Each structure stands twice: as structure tokens, then as C-alpha cells.
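J.: Heads up: the sequence shown runs through residues 6 to 140, numbered per the numbering used here. Backbone N, C-alpha and C fix where the C-beta goes; we use that ideal spot for every residue, glycine too. Nothing here was measured: the structure is a model prediction, and the numbers come from that model. This structure is in C-alpha cells; I'll ask about it shortly.
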Amino acid sequence: MLAFAERTMSEVLTAYLAERGVSPQLWYAVKLLGQRETATARTALTRDLEGSPGMDAESVRALLARLEREGIIDGDNEIELTETGRTLLLDLREYVADSPTAQLLLGLDAEDLDTTVRTLRVVVDEASKLLAAGM
6 MLAFAERTMS EVLTAYLAER GVSPQLWYAV KLLGQRETAT ARTALTRDLE
56 GSPGMDAESV RALLARLERE GIIDGDNEIE LTETGRTLLL DLREYVADSP
106 TAQLLLGLDA EDLDTTVRTL RVVVDEASKL LAAGM
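Okay, structure coming up:
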């Protein structure tokens with residue numbers, strides 16, 4: 006059920022982002038950089054992006070090159086959002102907050118959502134431990 010819910014919500018968000026000409030990969034990369042208070046090592050960012058759906062080493066290189074060309078990110082070994090990138094992040098956050106996926110969650114009980122988030126965090130943490138242990 007979790008996989009079906011994730012896939013369905015991802016499809017809705019992907020279609021919504023496409024209306025703005027934004028790929029989910031671009032949204033994720035900008036959001037990921039925006040969550041960090043300082044510049045991010047290129048190797049760490051590349052590793053994080055390669056671990057996301059639909060991304061591999063080649064597509065990550067292409068995405069980062071595009072973001073650099075468009076003036077969204079800057080840096081060689083340490084990457085950070087430019088002013089243009091920070092503006093894009095704020096615009097996209099506002100846009101996504103109004104998305105159909107966000108609207109779907111509005112009708113749910115706040116306590117149920119909190120429980121779901123806590124449960125999913127535990128699942129992710131435990132799965133990460135298994136992966137780190139070489140499973």
C-alpha cells in the first residue's frame with residue numbers, strides 16, 4: 006500500500022510540476038540544496054541525487070550542468086544555490102504548497118498525519134540501517 010500511495014502521489018506531483026516546466030529531479034535537487042545551511046560537497050550531493058528515483062550518475066551530471074548553466078547553482082567542489090536558485094526554491098515551495106498532493110492531505114486528521122509521518126520516519130531509519138549493514 007505504501008508503494009502504491011507513493012507512486013500515485015508522485016504521479017500527481019510530477020504532472021503538476023510539469024505545468025511549470027519543472028521536472029521532479031530539478032525540484033528535488035533545488036529542495037535538497039535549500040535544506041542545507043551551507044554549501045554542499047559536490048560528491049555528497051551527487052550521491053544523494055543518484056539515490057533518488059529516475060536518477061543515475063549520467064542524469065545527475067546532466068542535471069547539475071543544467072542548473073549551473075541556468076545560474077541556479079554555483080561552485081566546483083562545494084555547491085550552493087545562487088540568488089536565482091533561492092528565488093526559484095521559494096517560488097516552487099509556494100507552488101507545490103498549492104499542489105493537488107498537498108490538497109489531498111488537507112482533508113486528513115492532523116493526528117493521523119502526525120502518526121503516519123512518525124511511522125514512516127521509523128521505517129526509513131530502519132531500512133537505512135539495514136542498507137548500511139550491507140543488506
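1. For a test of the three-state rule: what should DSSP assign to residue 156, helix, strand or coil?
2. Can you find the residues in the same chain that come closer than 6 Å, C-beta to C-beta, to residue 85, ignoring five residues on each side of it along the sequence?
3. Kindly give me the distance between the Cβ atoms of residue 142 and residue 82, rounded to whole angstroms, as I take these residues to be in contact under 8 Å.
4. Can you give me the Cβ contacts of residue 105 inside the same chain, cut-off strictly under 7 Å, excluding the 5 residues immediately before and after it?
5. Residue 134 to residue 127, Cα distance in whole Å?
6. Taking its Cβ as the centre, do 16 or more other Cβ atoms sit within 10 Å of residue 122, making it buried, or is it exposed?
T.: Working from what's here:
1. Not covered by the structure: residue 156. The range shown for the chain is 6 to 140.
2. The count along the sequence shown starts at 1 and reaches residue 85 at position 80. Closer than 6 Å at Cβ, skipping near neighbours: 44.
3. The chain is shown from 6 up to 140; residue 142 falls before or after that span and cannot be answered.
4. Along the sequence shown, read from residue 1 onward, the residue named residue 105 stands at position 100. Only 17, 21 meet the Cβ criterion.
5. The residue labelled residue 134 in the question sits at position 129 within the sequence shown. The residue labelled residue 127 in the question sits at position 122 within the sequence shown. Going from the Cα of residue 134 to the Cα of residue 127 covers about 11 Å.
6. Here the question's residue 122 lines up with position 117 in the sequence shown. Looking at its Cβ environment, which holds fewer than 16 other Cβ atoms inside 10 Å, residue 122 is exposed.
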